[in-house]
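Residues in the sequence shown are numbered consecutively from 148, following the numbering used here. Down below is the structure, laid out as structure tokens.
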Amino acid sequence: MEEKTLSLRTVEVIRYVTPLREGGSLPAIVEADDDFLYVLKFRGAGQGIKSLIAELIGGEVARAMGLKVPEIVFANVDPAFGRTEPDEEIQDLLKASEGLNLALHYLPGAITFDPNVTKVGAGLASQIVWLDSFITNVDRTARNTNMLVWYKELWLIDHGASLYFHHNWERWEEQSRRPFALIKDHVLLPWATEMENADSKARAVITPQKIKEIVSLVPDEWLVLLAPEPVENIRDVYVQFLTNRLSLNFVNDVQHARQTLV
């Protein structure tokens, strides 16, 4: 059977519903032309395009690993979309975000994960810790878990703080081979006791070819804004960064971090 080509749907944003005043990026719930609600991440907010690229790549790596992530779609914001918005801050954000943005399917009724309330098994915890070590996600801590519980299942959201190497572009190769020291702050670290199994399962699916497929989803129009280089050179940096990280021993790194827990 022929393998399905990896792709994302594109929707048109037709209605701004409400802002989600979390952090500095000011995402929002919007309605699209397919009648679904989405959490829209704006290209004109915070870290802008870099955050959208990290969100896309991090989310699709998680999905490839079998973890639950809301559907990610490209979302077009029309130039006229923000003209009737009374809030000047939101109006400016909409104007700065005309064109192609990123959105995640909205999970109505989902609640923020609380490690004191919801138990996570060692297998799942280990997979998530492996993921965040791989994509260098600094933002899955007890203070901000970036996980939701929806219909008694754990869903991963907000990977925009991953791949932080692209904020210091010149040192990407050095950073690609560096252990992820901040895994010590991961909210699920105490329960990540099955790292060997998680490592084996992840490496069976997160191959150099899968990395290329995921990075190929990033639109050229985003990449061209990152550096004065050909788009394919920039895309290749993301591929090589993640491919290089496969050479690291996440099992040992996590076990060492767990030994420092009191």
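Using N, Cα and C, we set each Cβ at its ideal position, and we do this for glycine too.
* Under 8 Å by Cβ, that's how I've got VAL267 and LEU303 pegged, so tell me the actual separation to the nearest angstrom. => Actually they are not in contact, since the Cβ atoms of VAL267 and LEU303 sit about 12 Å apart, beyond 8 Å.
* **Neighbour-count burial assignment, LYS389, 16 or more Cβ in a 10 Å radius** => As written in the sequence, residue 389 is Leu, which differs from the Lys given in the question. Label assigned to LEU389: buried.
* Asked: When you compare only the Cα positions, how much space is there between PHE397 and PHE281?
  -> 8 Å
* Span separating the alpha-carbon of PRO355 from that of ASN284 -> 20 Å
* For VAL371, I'd like the list of residues in its chain whose CB is within less than 6 Å of its CB, leaving aside the five on either flank, ordered along the chain. => VAL378
* Asked: DSSP beta-bridge partners for ASN223?
  -> GLU159 and LEU247
* Asked: Would you call TRP369 buried or exposed, if buried means 16 or more other Cβ atoms sit within 10 Å of its Cβ?
  -> Within 10 angstroms of the beta-carbon of TRP369 lie 16 or more other beta-carbons, which makes it buried.
* Give the range of the alpha helix (DSSP H) segment to which TYR185 is assigned. => It is not in any alpha helix (DSSP H) - TYR185 instead sits in the beta strand (DSSP E) that spans 184-188.
* Evaluate the contact criterion for the segment 356-365 versus the segment 203-211: three or more CB pairs, one atom per stretch, below 8 Å. => The answer is yes - the segment 203-211 touches the segment 356-365, with three or more Cβ pairs under 8 Å.
* Which stretch, first to last residue, makes up the beta strand (DSSP E) that contains ALA175? -> Here the beta strand (DSSP E) through ALA175 covers 175-179.
* Asked: According to DSSP, is LEU301 helix, strand or coil?
  -> Three-state DSSP puts LEU301 in a strand.
* Asked: Could you give the distance in angstroms between the alpha-carbon of ASP332 and the alpha-carbon of GLY307?
  -> 17 Å
* For HIS314, which of helix, strand or coil comes out of DSSP? -> helix
* Does the distance from the CB of PHE228 to the CB of LEU247 come in under 8 Å? -> no
* For ALA192, which residues from the same chain have a beta carbon less than 8 Å from its beta carbon, with the 5 sequence-adjacent residues on both sides left out? -> GLY171, SER172, LEU173, PRO174, SER198, LEU240, ALA243 and SER244
* Asked: Leaving out five residues before and five after THR288 in sequence, what residues of the same chain have Cβ atoms less than 8 Å from its Cβ?
  -> ASP332, HIS333 and VAL334
* **Buried/exposed call for ALA339, threshold 16 Cβ in 10 Å** => buried
* Asked: In terms of residues, what are the limits of the alpha helix (DSSP H) holding SER273?
  -> 269-281
* Can you list, in chain order, the residues of its chain whose CB lies under 8 Å from that of ILE237, leaving out five sequence neighbours each side? -> TYR163, PRO166, LEU173, ALA175 and GLY229
* Nonlocal neighbours in the same chain, by C-beta distance under 7 Å from ASP180, ignoring five residues either side -> Once the five neighbours on either side are set aside, the close Cβ partners of ASP180 are VAL158, GLU159 and ILE161.
* Roughly how many whole angstroms lie between the Cα atoms of VAL401 and GLN274? -> 11 Å
* To do: Can you check the segment 364-405 for any alpha helix (DSSP H) of at least 4 residues that lies completely inside it and give the ranges in chain order?
  => 367-370 and 378-392
* **Test item: CB-CB of LEU251 and PRO217 under 8 Å** => yes
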